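Asker: Under the numbering used here, think of the first position of the sequence shown as 416, with each following residue one higher.
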Amino acid sequence: MDALINVTNLGKRYDGFHLEDIGLAVEAGTVVGLIGSNGAGKTTTIKMLLGILQPDEGEGEVLGCPIGKGMFLEGSVKERIGVVLDTCAFPETSKVKDVATLGRFAYRNWDAKRFGALCERFELAPKKNVKELSRGMGMKLMLAFALSHDPELLVLDEATAGLDPMARDEVLDILRDFMKADDHAILLSTHITNDLEKIADEIICIDGGKLVFDLPKDEVCDVA
Numbered sequence: 416m417d418a419l420i421n422v423t424n425l426g427k428r429y430d431g432f433h434l435e436d437i438g439l440a441v442e443a444g445t446v447v448g449l450i451g452s453n454g455a456g457k458t459t460t461i462k463m464l465l466g467i468l469q470p471d472e473g474e475g476e477v478l479g480c481p482i483g484k485g486m487f488l489e490g491s492v493k494e495r496i497g498v499v500l501d502t503c504a505f506p507e508t509s510k511v512k513d514v515a516t517l518g519r520f521a522y523r524n525w526d527a528k529r530f531g532a533l534c535e536r537f538e539l540a541p542k543k544n545v546k547e548l549s550r551g552m553g554m555k556l557m558l559a560f561a562l563s564h565d566p567e568l569l570v571l572d573e574a575t576a577g578l579d580p581m582a583r584d585e586v587l588d589i590l591r592d593f594m595k596a597d598d599h600a601i602l603l604s605t606h607i608t609n610d611l612e613k614i615a616d617e618i619i620c621i622d623g624g625k626l627v628f629d630l631p632k633d634e635v636c637d638v639a
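As structure tokens, then:
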């Protein structure tokens with residue numbers, strides 16, 4: 416299988432913190448879990464992969480586009496990535512139906528019917544204000560948005576946080592549906608290891624800014 420993400424020695428320096436020597440590969444047809452304590456460097460890693468942050472060290476490719484110091488993801492590549500970050504990214508003054516309008520202008524492959532069906536499944540009323548959504552419902556809105564422009568790669572940062580167990584299982588079912596296409600892949604950062612036991616193929620652990628292990632899920636579960 417081709418790697419949709421393949422990076423080596425990624426690093427980022429902050430005052431008092433150094434993320435260093437992060438290497439990972441996410442192959443088509445796989446779900447890779449990213450774990451680590453708060454402040455370990457998971458979100459920084461994800462933001463470098465998405466081009467939100469510039470790495471100070473290292474290099475690699477995301478969907479064939481080079482990343483590294485001074486490099487930025489091309490717009491055509493970003494369209495092929497569905498993103499759910501750890502906070503709802505939509506303006507608080509907007510309504511759910513406004514998010515659909517945003518998607519239509521932002522993505523050439525926007526699927527309004529898909530977005531509407533997901534919002535209905537998630538019980539997101541079109542006239543509901545974003546500021547009235549709980550954290551969990553905000554994550555559902557972002558997931559519906561991320562899945563509605565035909566991405567090849569999903570990058571999720573704590574996407575199931577704030578959801579009750581039944582809602583988390585519903586999200587995992589949707590992710591399984593996404594993975595029915597052989598050319599799709601998911602990078603899922605979470606602290607809920609039970610979710611990874613249900614869906615991940617591989618688990619990567621970062622702690623204190625360093626890569627601790629990168630193993631098949633079954634090997635991690637056997638050790639645990």
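The C-beta atom is built at its ideal place from N, Cα and C for all residues, glycine as well.
Please read all numbers here as calculations on a predicted model, not as lab measurements.
So, for I437: in the same chain, excluding its five sequence neighbours on each side, which residues have a beta-carbon less than 6 angstroms away from its beta-carbon?
Answerer: The residue given as residue 437 occupies position 22 in the sequence shown. So the qualifying residues of the chain are L425, T460, L626.
Asker: Does the Cβ-Cβ distance between A455 and D622 come in under 8 angstroms?
Answerer: Here residue 455 is taken as the residue at index 40 of the sequence shown, counted from 1. Here residue 622 is taken as the residue at index 207 of the sequence shown, counted from 1. A contact, by the Cβ cut-off of 8 angstroms.
Asker: According to DSSP, D622 sits in a beta bridge with which residue or residues?
Answerer: Residue mapping note: residue 622 aligns to position 207 of the sequence shown, counting from 1. D622 is bridged to K625.
Asker: Closer than 8 angstroms is the cut-off here; do at least three beta carbon pairs connect the region 545-556 with the region 484-498?
Answerer: No, the region 545-556 is not in contact with the region 484-498.
Asker: For I614, which of helix, strand or coil comes out of DSSP?
Answerer: As a working mapping, residue 614 is identified with position 199 in the sequence shown. Note: I614 maps to helix in three-state DSSP.
Asker: Tell me, please, whether the region 557-570 touches the region 517-524 by the rule of three or more beta-carbon pairs shorter than 8 angstroms.
Answerer: yes
Asker: Please look up how many angstroms separate the CB atoms of R583 and D610, rounded, as I've assumed it's under 8 angstroms.
Answerer: For the purposes of this step, residue 583 is identified with residue 168 of the sequence shown, where counting begins at 1. For the purposes of this step, residue 610 is identified with residue 195 of the sequence shown, where counting begins at 1. Confirmed, Cβ separation roughly 6 angstroms.
Asker: If you run the structure through DSSP and keep just helix, strand and coil, what is P481?
Answerer: Working through the sequence shown from its first residue, we reach residue 481 at position 66. Note: P481 maps to strand in three-state DSSP.
Asker: Let me make sure I understand the geometry here. Which of M554, M463, K512, T423 has the alpha-carbon closest to that of T502?
Answerer: Your numbering for residue 502 matches position 87 in the sequence shown. That would be M554, whose Cα lies nearest to the Cα of T502.
Asker: Cα-Cα, which of F530, G448, L419 is closest to K493?
Answerer: Your numbering for residue 493 matches position 78 in the sequence shown. Of F530, G448, L419, the residue nearest in Cα terms is L419.
Asker: Have a look at E476, F560, H599 and flag the residue whose alpha-carbon is nearest the alpha-carbon of G444.
Answerer: As a working mapping, residue 444 is identified with position 29 in the sequence shown. Answer by Cα proximity: H599.
Asker: If you follow the alpha helix (DSSP H) that V492 is part of, which residue opens it and which one closes it?
Answerer: Walking along the sequence shown from the start, residue 492 turns up at place 77. Here the alpha helix (DSSP H) through V492 covers 490-493.
Asker: What three-state label does DSSP hand N453 in the structure shown?
Answerer: One-based indexing of the sequence shown puts residue 453 at position 38. Reduced to three states, the DSSP call for N453 is coil.
Asker: How about L478 and L568: are their beta carbons less than 8 angstroms apart?
Answerer: As a working note, residue 478 is residue 63 in the sequence shown. As a working note, residue 568 is residue 153 in the sequence shown. Yes; because the gap between Cβ atoms is below 8 angstroms, this pair is in contact.
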